[in-house]
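Trainee: The structure under discussion is supplied below as structure tokens; questions concerning it will follow.
Protein chains: 2
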Amino acid sequence: MHKLQDLLPVVQQALDAIDYPQAPAELYTPIQYELSLGGKRIRPVLTLMACEMFGCDYHYALDAAVGIEMFHNFTLLHDDVMDKADMRRGKPTVHIRWNENTAILSGDAMQILAYMQVMKSPAAVRDVVCVVFLQTALEICEGQQYDMEFETRQDVREEEYIEMIRLKTAVLLGGALKIGALIAGASDDDARRLYDFGINIGLAFQLRDDYLDVYGDAKTFGKNIGGDILNNKKTYMLINAQRLAQGAERDELIHWLAIDDKPDEKIAAVTALYNRLGVDALCLEKIDTYYAEAMKQLDALSVEKLQTEMLRELAMSLMQRNS
Amino acid sequence: MHKLQDLLPVVQQALDAIDYPQAPAELYTPIQYELSLGGKRIRPVLTLMACEMFGCDYHYALDAAVGIEMFHNFTLLHDDVMDKADMRRGKPTVHIRWNENTAILSGDAMQILAYMQVMKSPAAVRDVVCVVFLQTALEICEGQQYDMEFETRQDVREEEYIEMIRLKTAVLLGGALKIGALIAGASDDDARRLYDFGINIGLAFQLRDDYLDVYGDAKTFGKNIGGDILNNKKTYMLINAQRLAQGAERDELIHWLAIDDKPDEKIAAVTALYNRLGVDALCLEKIDTYYAEAMKQLDALSVEKLQTEMLRELAMSLMQRNS
């Protein structure tokens, strides 16, 4: 069974080997550009690991893995248009480098190419893999819809927020793993457990992001600390702060949410409020809960514990990252 | 075998019966709205007719037909965003009624729902139907890309234009027919002939649109006459006029292309130029050529001539429309 470091170049090579039509160039070039922006390639690696875990050569899952990464990047492409994001990983987004129409249309083509890849899965499992993939794709759209709706709501509850991040980001991790398992011929129970492992890791991962935005190390985090605070982004931290704050703390929080011209002070003040309200500890606790649930799913798998090592290591490294 | 009038309510009923998830409402409502804007539903009807032509109950092709119509409407949704069109069939477009983000995201979800429908095709033909569908979907993106590129080019040649309309509009007619045939178990040769019939009818249809925009009857056409002329749209008429015009006529054409404040005069002048250059006759000739090729494909099918009657009638009615 291969480690993350062995599988990453496999994934990258497979992505580089995609045979794009030559023309029209301006339809396909932005697709290659979006993929070239990089990324950890976690999702396709999860697919390959899930496949290997059940004793199946990962090559059988490679087309699906590439399709999953292609699809993930398509969602980023369109999300950047909807979020009006100018940069991704330090480079101009597609709608900035080209234009918005190109971003919409190349994204549409990218989605089709993703399905074409997934459709190359072994014939015996093709139908069930496609069902999982399409359902996951639709759920991601649902998550993005909720994310957009939450921007203008002041009353988002924690369970709604969790459901949104489950749909928007966790289901693709779950789906990537489940697809790898199905290709390997895993039982329905094992496929479901791996899916749930993915969901829980995904939720832990996103909450970790919410936490690190406030408490991360700026040097290793790579992004500015407190960006979510400045944007009044409805994260786990803010949602719980709004729920818990009473009296003077409530007024103080409301005050800072209304301010946008004193960034350093805002970040410091809101962070201090988070500390006082204990939402930092709440968030870490929640992360631990999801992580523990993820490990439970791994333990429940019908494979030898040794077979789960790679995934266990990968999950731990995702959790331990300081950035 | 059923006529167009029998199949239309079947298609509409199947569209109305689609089981959309309840939430998030603002993801799915725009999809239903787009479908409710109407349309001739030609494409799904072609799928059903192609199925019946080979002696197969059309119900087997109904899911695919619905998926094809869903996909067609998704392309209209995103096209309206890219073209900045405010109205479709007299009603506000999705990005006007809601907003652009909704149009992008609901379109993305609509594309997924379309694939889910097509994936319900009978298991024995599912793979080959999906391959045709995905390839068609990608080609439509290519056509739209060329269409957008041509807007800013002054040197578009006729063969490029034909290729653009082939990809943007004809392949879906061909694909709809081919899918119906494949579901019915038609031979590869017959499936290919029906596909080519669809391509040729599609090309004839689009050129007919180009012609009617200039020479149609305003009352029956439903759109304003000369809209393409006012927009300097690169149609078959304009491309050939630019190719053929020499000397004074060339100068006159260039003059009118540069004017945008005398609409009635521009339409009259350019129409007169078209008449003098004979591009009206050229266009009608081209339409006849494609139509004749389409009929040749029908005649070459291995089915009884009687089995081709519905399609023959449908093609004739498409050609004879005055609007």
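Chains as they are written, first to last, in the numbering used here: chain V, 1 to 323; chain H, 1001 to 1323. Glycine included, C-beta positions come from ideal geometry on N, C-alpha and C.
Quick check on the burial criterion: 16 or more other C-beta atoms within 10 angstroms. Buried or exposed for V:Glu265?
Mentor: exposed
Trainee: Where does H:Arg1243 sit, in a helix, a strand or coil, going by DSSP?
Mentor: helix
Trainee: Taking three-plus beta-carbon pairs below 8 Å as touching, is the region 1090-1100 of chain H in contact with the region 1144-1162 of chain H?
Mentor: no
Trainee: Quick check on the DSSP output: what are the complete alpha helix (DSSP H) runs of length 4 or more inside the region 1099-1169 of chain H, in order along the chain?
Mentor: 1100-1118, 1123-1150 and 1158-1165
Trainee: Could you work out which residues of chain H lie near V:Tyr146, taking near to mean beta carbons separated by less than 7 Å?
Mentor: In chain order: Pro1024.
Trainee: Contact criterion: CB-CB distance below 8 Å. Does H:Gln1154 meet it with respect to chain V?
Mentor: So, not an interface residue.
Trainee: Check whether the region 145-153 of chain V and the region 9-24 of chain V touch, using three or more Cβ-Cβ pairs below 8 Å as the test.
Mentor: Contact between the region 145-153 of chain V and the region 9-24 of chain V is absent, because fewer than three Cβ pairs lie under 8 Å.
Trainee: Reducing DSSP to helix, strand and coil, say where H:Ser1323 ends up.
Mentor: Residue confidence for H:Ser1323 is low, a pLDDT of 48 falling below 50, so the modelled location carries little weight and cannot support an answer.
Trainee: With a threshold of 8 Å between beta carbons, is H:Met1070 in contact with chain V?
Mentor: no
Trainee: Flag V:Tyr58 as yes when its Cβ comes closer than 7 Å to any non-hydrogen atom of the ligand COA, and as no otherwise.
Mentor: Although the ligand COA was asked about, the structure shown includes no ligands whatsoever.
Trainee: Are the C-beta atoms of H:Cys1056 and some chain V residue less than 8 Å apart?
Mentor: It does not; no Cβ of chain V falls within 8 Å.
Trainee: Are H:Leu1167 and H:Ile1140 close, meaning C-beta to C-beta below 8 Å?
Mentor: yes
Trainee: Taking 8 Å as the threshold, find out whether the region 1076-1084 of chain H comes into contact with the region 1191-1204 of chain H through three or more Cβ pairs.
Mentor: no
Trainee: Does any residue of chain V bring its CB to less than 8 Å from the CB of H:Leu1076?
Mentor: no
Trainee: Are the C-beta of H:Cys1051 and some C-beta of chain V separated by less than 8 Å?
Mentor: no
Trainee: Give the straight-line distance between the Cα atoms of H:Leu1113 and V:Leu138, rounded to the nearest whole angstrom.
Mentor: Their Cα atoms are separated by approximately 8 Å.
Trainee: Could you give the C-beta distance for V:Glu142 and V:Leu76, rounded to a whole number, given that I count them as a contact under 8 Å?
Mentor: No, V:Glu142 and V:Leu76 are not in contact; Cβ-Cβ is about 17 Å, not under 8 Å.
Trainee: Starting from V:Arg88, follow its DSSP beta bridges and name the residues at the other end.
Mentor: DSSP lists V:Lys91 as partners of V:Arg88.
Trainee: State the CB to CB distance for the pair V:Val45 and V:Leu4, rounded to an integer number of angstroms; the pair is presumed to be in contact (CB under 8 Å).
Mentor: 6 Å
Trainee: Taking the alpha-carbon of V:Gly90 as reference, which of V:Ile104, V:Gly38 and V:Met110 has the nearest alpha-carbon?
Mentor: When each option's Cα is compared against that of V:Gly90, the closest is V:Gly38.
Trainee: Could you list the residues in the region 115-132 of chain V with a C-beta less than 8 Å from some C-beta on chain H, going in chain order?
Mentor: Tyr115, Met116, Met119, Ala123, Arg126, Asp127, Cys130 and Val131
Trainee: To test your reading of the DSSP string, which unbroken alpha helix (DSSP H) runs of 4 or more residues are found completely within the region 1230-1314 of chain H?
Mentor: 1236-1244, 1247-1258, 1263-1277 and 1279-1300
Trainee: Quick one: Cα of V:Gly325 to Cα of V:Met49, how far?
Mentor: Given a span of 1 to 323 for chain V in the structure shown, any question on residue 325 of chain V remains unanswerable.
Trainee: Going by beta carbon distance, what residues of the same chain come within less than 6 Å of V:Val10, once the five residues before and after it are set aside?
Mentor: none
Trainee: Rounding to the nearest angstrom, what Cα-Cα distance links H:Leu1238 and H:Lys1120 in this structure?
Mentor: 43 Å
Trainee: Measure the C-alpha to C-alpha separation of V:Ala191 and V:Ala269 and round it to an integer number of angstroms.
Mentor: If you take the alpha carbons of V:Ala191 and V:Ala269, they lie about 45 Å apart.
Trainee: Where do the ends of the alpha helix (DSSP H) carrying H:Phe1205 lie?
Mentor: H:Phe1205 -> alpha helix (DSSP H) spans Asp1188 to Tyr1215.
Trainee: Please name the residue in V:Lys262, V:Leu177 and V:Leu277 whose C-alpha comes closest to that of V:Arg243.
Mentor: V:Leu277
Trainee: Let me know the secondary structure DSSP gives H:Gln1032 once reduced to three states.
Mentor: helix
Trainee: Could you tell me whether the Cβ atoms of H:Thr1169 and H:Asp1210 are closer together than 8 Å?
Mentor: Taking 8 Å as the Cβ cut-off, H:Thr1169 and H:Asp1210 do not qualify as a contacting pair.
Trainee: Of all the options V:Met1, V:Met110, V:Asp251 and V:Pro24, which has the alpha carbon lying nearest to the alpha carbon of V:Cys56?
Mentor: V:Met1
Trainee: Compute the Euclidean distance between the alpha carbons of H:Val1131 and V:Leu298, then round it to the nearest angstrom.
Mentor: 36 Å
Trainee: Is there at least one Cβ from chain V nearer than 8 Å to H:Gln1111's Cβ?
Mentor: Yes, contact with chain V.
Trainee: Spatial neighbours of V:Asp196 within its chain, please: CB distance less than 6 Å, with the 5 preceding and 5 following residues excluded, ordered by chain position.
Mentor: When the five nearest sequence neighbours on each side are left out, the beta carbons in the same chain lying within less than 6 Å of the beta carbon of V:Asp196 are those of Gln297, in order along the chain.
Trainee: Starting from H:Asp1006 and walking both ways along the alpha helix (DSSP H), at which residues does that stretch end?
Mentor: Leu1004 to Asp1016
Trainee: Check whether the Cβ atoms of V:Arg41 and V:Leu62 sit closer than 8 Å, and answer yes or no.
Mentor: Not a contact, by the Cβ cut-off of 8 Å.
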